[in-house]
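A.B. asks: Before I ask anything, here is the structure I am working with.
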Amino acid sequence: MDKRYQVFVSSTFEDLQEERKEVMQALLELDCIPAGMELFPASNDDQWSLIKKVIDDCDYYILIIGGRYGSENDKGISFTQMEFEYALNKNKPIISFLHKKPGEIIVNKTDNNPEKKKKLDDFRDLAQKKLVKYWETPAELGAIVSRSMIRLIKDFPAEGWVKSGSVVDEDSLQEIARLQKENKELQERLKIIATEAPKGTEKFAQGEDEIKVKFSFSATENNSYDYYNYEEELSFSWNLIFSRVAPSMIDECDEETFKYALNDLLESSISRIEEIEGYEDVSDFEDFKISYESYSLIKVQLKALGLIQLSEKKRSTKDRETYWTLTPYGEYYMMQLLAIKR
Numbered sequence: 003m004d005k006r007y008q009v010f011v012s013s014t015f016e017d018l019q020e021e022r023k024e025v026m027q028a029l030l031e032l033d034c035i036p037a038g039m040e041l042f043p044a045s046n047d048d049q050w051s052l053i054k055k056v057i058d059d060c061d062y063y064i065l066i067i068g069g070r071y072g073s074e075n076d077k078g079i080s081f082t083q084m085e086f087e088y089a090l091n092k093n094k095p096i097i098s099f100l101h102k103k104p105g106e107i108i109v110n111k112t113d114n115n116p117e118k119k120k121k122l123d124d125f126r127d128l129a130q131k132k133l134v135k136y137w138e139t140p141a142e143l144g145a146i147v148s149r150s151m152i153r154l155i156k157d158f159p160a161e162g163w164v165k166s167g168s169v170v171d172e173d174s175l176q177e178i179a180r181l182q183k184e185n186k187e188l189q190e191r192l193k194i195i196a197t198e199a200p201k202g203t204e205k206f207a208q209g210e211d212e213i214k215v216k217f218s219f220s221a222t223e224n225n226s227y228d229y230y231n232y233e234e235e236l237s238f239s240w241n242l243i244f245s246r247v248a249p250s251m252i253d254e255c256d257e258e259t260f261k262y263a264l265n266d267l268l269e270s271s272i273s274r275i276e277e278i279e280g281y282e283d284v285s286d287f288e289d290f291k292i293s294y295e296s297y298s299l300i301k302v303q304l305k306a307l308g309l310i311q312l313s314e315k316k317r318s319t320k321d322r323e324t325y326w327t328l329t330p331y332g333e334y335y336m337m338q339l340l341a342i343k344r
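Residue numbers for the sequence shown follow the numbering used here, so the first one is 3 and each next one is one higher.
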């Protein structure tokens with residue numbers, strides 16, 4: 003789930019405006035939501051309740067210390083230090099960024115009051131009891147914040163914020179997990195089913211059982227140039243019939259292709275026809291055509307055995323052809339019949 007983290011940025015304001023802009027930009031580039039003094043200048047107690055609420059809602063807390071202690075409440079504690087101590091008490095993941103050389107900060111960005119300087123030094127000591135990084139320039143601060151936040155988020159994963167439409171409650175998560183498990187079990191079951199004959203097919207003729215196939219063909223007699231039409235029937239096993247038509251259905255095939263595969267099987271049986279009494283002087287066999295009756299019976303039987311099915315591929319509305327394809331079990335059965343064994 004895509005999360006965004008809210009980060010409270012605490013610091014004095016007037017002297018660190020440029021630094022805060024760099025920090026805000028770094029946070030935005032990390033898809034974080036910055037919050038801080040720009041929204042509510044921390045200048046009086048009336049706003050303290052709002053500040054605490056925002057800190058409560060934030061996932062992380064950043065403190066920036068430069069050369070000033072900042073405006074104070076009636077107890078002489080700066081609002082920046084109040085924010086830090088509140089975040090500390092709330093166990094917020096905190097990282098502080100302290101100026102590396104406070105003695106070199108320009109005069110108009112430092113406190114001249116010795117009492118405030120002492121408070122700032124004490125505040126720096128307090129901040130250094132938590133995770134601290136040091137900086138000198140605004141650009142350097144932005145870069146350090148970017149790297150540090152990536153590490154802080156990794157080390158201290160927070161709840162974060164998500165779009166309302168992306169929120170999934172606990173019951174939904176459990177239901178998703180259940181459905182995923184059920185789907186996995188069904189997928190495994192389908193793999194098993196693909197290798198098993200459909201229930202009830204054991205009562206149908208199949209395998210090496212034979213069927214008599216009626217067909218017609220043309221041939222010449224006594225080496226004449228005249229062709230005559232003949233009708234005959236031969237017995238074939240269901241395994242042989244299926245092994246001849248199945249390869250054309252690996253993708254799908256239309257009725258004509260289906261018939262062609264069966265007619266090709268019949269033509270390959272010329273030697274068997276020649277052994278039938280009355281065909282001793284017949285030759286030049288051609289134009290083998292399976293009878294409509296036998297063709298229909300073969301289709302019905304292979305479908306009943308769970309080996310073939312009507313194709314469900316989408317096609318043009320102008321295409322009125324019927325298409326056949328293998329079932330998962332039919333594909334497995336074909337492999338058992340035709341794949342080369344070791």
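Even for Gly, the Cβ is constructed at its ideal location relative to N, Cα and C. Everything numeric in this text was worked out from a predicted model, so none of it was measured.
Determine contact between the region 201-208 and the region 280-294, defined as no fewer than three beta-carbon pairs at a distance below 8 Å.
C.D. replies: No contact exists between the region 201-208 and the region 280-294.
A.B. asks: Assuming residue 330 and residue 196 form a contact by the criterion Cβ under 8 Å, report the distance between their Cβ atoms to the nearest whole angstrom.
C.D. replies: At roughly 4 Å, the Cβ-Cβ gap stays under 8 Å, so residue 330 and residue 196 are in contact.
A.B. asks: If you follow the alpha helix (DSSP H) that residue 296 is in, where does it begin and where does it stop?
C.D. replies: It spans 294-306 - the alpha helix (DSSP H) in which residue 296 sits, taken as one unbroken run.
A.B. asks: Taking the alpha carbon of residue 149 as the reference point, which residue from 104, 97, 160, 138 has its own alpha carbon closest?
C.D. replies: When each option's Cα is compared against that of residue 149, the closest is 97.
A.B. asks: Whole angstroms is fine: what's the gap from residue 245's alpha carbon to residue 251's?
C.D. replies: The straight-line gap from Cα to Cα measures roughly 11 Å.
A.B. asks: In three-state DSSP terms, what is residue 11?
C.D. replies: Three-state result, residue 11: strand.
A.B. asks: Give the range of the beta strand (DSSP E) segment to which residue 37 is assigned.
C.D. replies: 35-38 is the span of the beta strand (DSSP E), which, as asked, contains residue 37.
A.B. asks: Once you ignore the five residues that flank residue 85 on each side, which residues in its own chain have a CB closer than 6 Å to its CB?
C.D. replies: Excluding residues within five positions, the ones whose Cβ falls inside 6 Å are 12.
A.B. asks: If I'm right that residue 144 touches residue 7 with Cβ under 8 Å, what's the distance once you round it to whole angstroms?
C.D. replies: Contact doesn't hold; Cβ gap of about 17 Å is too wide.
A.B. asks: Give a yes or no on contact between the region 53-67 and the region 98-112, applying the rule of three or more CB pairs nearer than 8 Å.
C.D. replies: Contact between the region 53-67 and the region 98-112 is present, because at least three Cβ pairs lie under 8 Å.
A.B. asks: For residue 15 and residue 140, what's the separation of their Cα atoms in angstroms?
C.D. replies: Residue 15 and residue 140: Cα-Cα distance of roughly 14 Å.
A.B. asks: Taking the C-alpha atoms as reference points, what is the distance between residue 57 and residue 10?
C.D. replies: So the alpha carbons of these two residues sit roughly 6 Å apart.
A.B. asks: Report the rounded CA-to-CA distance for residue 292 versus residue 310, giving the unit in angstroms.
C.D. replies: Between residue 292 and residue 310, the C-alpha separation is close to 19 Å.
A.B. asks: Express the C-alpha separation of residue 290 and residue 2 in angstroms, rounding to a whole number.
C.D. replies: Shown here, the chain extends from 3 to 344; a query on residue 2 therefore has no answer.
A.B. asks: Keeping to the same chain, check which residues put their C-beta closer than 7 Å to that of residue 297; ignore five residues upstream and five downstream.
C.D. replies: Counting only Cβ-Cβ distances below 7 Å, and skipping sequence neighbours, we find 261, 264.
A.B. asks: Quick one, which of 174, 76, 88 has its alpha-carbon nearest residue 382's?
C.D. replies: Missing from the structure shown is residue 382; the chain here goes from 3 to 344 and no further.
A.B. asks: Let's test the definition: count the other Cβ atoms within 10 Å of the Cβ of residue 36 and tell me whether it reaches 16, buried, or not, exposed.
C.D. replies: The residue in question, residue 36, is buried, as its Cβ has 16 or more Cβ neighbours within 10 Å.
A.B. asks: Which residues does DSSP list as the beta-bridge partners of residue 327?
C.D. replies: DSSP output for residue 327 lists 311 as bridge partner(s).
A.B. asks: Using alpha carbons as the reference points, say which of 75, 307, 324 lies closest to residue 314.
C.D. replies: Of 75, 307, 324, the residue nearest in Cα terms is 324.
A.B. asks: Helix, strand or coil, according to DSSP, for residue 231 in the structure here?
C.D. replies: The answer is strand: DSSP assigns residue 231 an E or B state.
A.B. asks: Could you spell out the range, first to last residue, of the alpha helix (DSSP H) harbouring residue 56?
C.D. replies: 50-59 is the span of the alpha helix (DSSP H), which, as asked, contains residue 56.
A.B. asks: Where in the region 132-164 do unbroken runs of the beta strand (DSSP E), each at least 3 residues long, occur, reported from the N-terminal end onward?
C.D. replies: Taking only runs of at least 3 residues, the beta strand (DSSP E) segments lying wholly in the region 132-164 are 133-137.
A.B. asks: Closer than 7 Å by C-beta to residue 154: which residues in its own chain qualify, once you throw out the five before and the five after it? Chain order, please.
C.D. replies: Correct list, in chain order: 62, 95, 97.
A.B. asks: Three-state secondary structure (DSSP) at residue 178?
C.D. replies: Three-state DSSP puts residue 178 in a helix.
A.B. asks: Where do the N-terminal and C-terminal ends of the alpha helix (DSSP H) with residue 259 fall, by residue?
C.D. replies: Segment 257-269, the alpha helix (DSSP H) holding residue 259.
A.B. asks: Quick check on residue 64: does DSSP put it in helix, strand or coil?
C.D. replies: Correct three-state label for residue 64: strand.
A.B. asks: From 319, 320, 302, 318, pick the residue whose C-alpha is nearest to that of residue 312; which is it?
C.D. replies: It is 302 whose Cα lies nearest to the Cα of residue 312.
A.B. asks: Taking DSSP as the reference, what is the three-state secondary structure of residue 254?
C.D. replies: Reduced to three states, the DSSP call for residue 254 is coil.
A.B. asks: Can you tell me whether residue 317 is buried or exposed, with buried defined as 16 or more other CB within 10 angstroms of its CB?
C.D. replies: Looking at its Cβ environment, which holds fewer than 16 other Cβ atoms inside 10 Å, residue 317 is exposed.
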